[in-house]
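Q:
In our numbering, the protein residues as written are 81 to 307.
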């Protein structure tokens, strides 16, 4: 399979974010990743999942949600990683960039969020109802999306490890508030970071199948605002 890989600097909501964009030949959709607390586009877990999506013909966008200066600040204070409004604005901006991109225009858009990034992905989905077609959360904190949950009508898959009981309960409560189709998958033997053998492979399989089921090409889009 022919795959085009680019490392880009993408202007989003008044800042410039580093991003790695991979587009397989005849891509069937595109997935924007929203990483979690204290992580970046270099997250080995997200990159593993992205690799499985490529083989299924799905394009991926892994972007830093904070600038290098903001990352330095967050490393000291840990305040920005929980600023869901800020992160969601940037995820939505990346989604707009994907829609307008030469290689990705016309592809159905999905969002994959991990940890606090899952909340940012859900808020962005609520803000881009005509653009985002599906959402997947890995070990996420969807509860942090708050009042936006009832506005998320896109099919949403919540994946949690069986050994992560607090997060399981938070996901169950959040799922009840989601307006659209929602499913909770509990991966046996997995803790929060899915470090146990075979558990991350199961996450990747579930995410791949969800996106392949729900992402569809778009012939024409109505322009989105900055929201």
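By construction, the Cβ of each residue, glycine as well, lies at the ideal position given by its N, Cα and C atoms.
1. For residue 208, name the three-state secondary structure that DSSP assigns.
2. Tell me the rounded alpha-carbon separation between residue 209 and residue 244.
3. Would you please state the rounded distance, in angstroms, between the beta carbons of residue 273 and residue 125? I believe it to be under 8 Å.
4. Between the Cα of residue 206 and those of 221, 225, 271, spot the shortest distance and give me the residue it belongs to.
5. Do you know whose CA, among 175, 270, 222, lies nearest residue 279's CA?
6. Just to confirm my understanding: we take residue 92, look at its own chain, exclude 5 residues before and 5 after, and list those with CB closer than 7 Å. What are they?
7. Using DSSP with H/G/I as helix, E/B as strand and the rest coil, what is residue 306?
8. Assuming residue 129 and residue 101 form a contact by the criterion Cβ under 8 Å, report the distance between their Cβ atoms to the nearest whole angstrom.
9. Quick one: using the 10 Å Cβ neighbour count with 16 as the cut-off for buried, is residue 131 buried or exposed?
10. Could you tell me which of 164, 138, 201, 149 sits nearest to residue 184, measuring between CA atoms?
11. Judging by CA-CA distance, which residue of 238, 255, 259 is the nearest neighbour of residue 282?
12. What does the alpha-carbon distance come out to for the pair residue 195 and residue 240?
A: In terms of the structure at hand:
1. In the chain shown, residue 208 corresponds to position 128, counting from 1. Looking at residue 208 - three-state DSSP - the assignment turns out to be coil, as it is neither helix nor strand.
2. Residue numbering aside, residue 209 sits at position 129 when the chain shown is read from its first letter. Residue numbering aside, residue 244 sits at position 164 when the chain shown is read from its first letter. Roughly 30 Å separates the two Cα atoms.
3. The residue you call residue 273 lines up with position 193 of the chain shown. The residue you call residue 125 lines up with position 45 of the chain shown. About 7 Å; that satisfies the 8 Å criterion.
4. Reading the chain shown from its first residue, position 126 is the one you call residue 206. Closest by alpha carbon: 225.
5. Looking up residue 279 in the chain shown gives position 199. Out of 175, 270, 222, 270 has the C-alpha closest to the C-alpha of residue 279.
6. Translated into positions along the chain shown, residue 92 becomes position 12. 170, 173, 174, 177.
7. On the chain shown, residue 306 is found 226 positions in, with the first residue counted as 1. For residue 306, the predicted model reports a pLDDT of 40, less than 50, meaning its position is unreliable and no value from the coordinates is stated.
8. Numbered from its first residue, the chain shown carries residue 129 at position 49. Numbered from its first residue, the chain shown carries residue 101 at position 21. Between residue 101 and residue 129 the Cβ distance is about 16 Å, and since that is not below 8 Å, they are no contact.
9. By 1-based counting over the chain shown, the position of residue 131 is 51. By the 10 Å Cβ count, residue 131 comes out exposed.
10. Position 104 of the chain shown, counting from 1, holds the residue named residue 184. Taking only the C-alpha atoms, the option nearest residue 184 is 138.
11. Within the chain shown, the letter at position 202 stands for residue 282. The candidate whose alpha carbon is nearest that of residue 282 is 238.
12. What you label residue 195 is simply residue 115 of the chain shown in a count that begins at 1. What you label residue 240 is simply residue 160 of the chain shown in a count that begins at 1. Spanning the two alpha carbons is a distance of roughly 10 Å.
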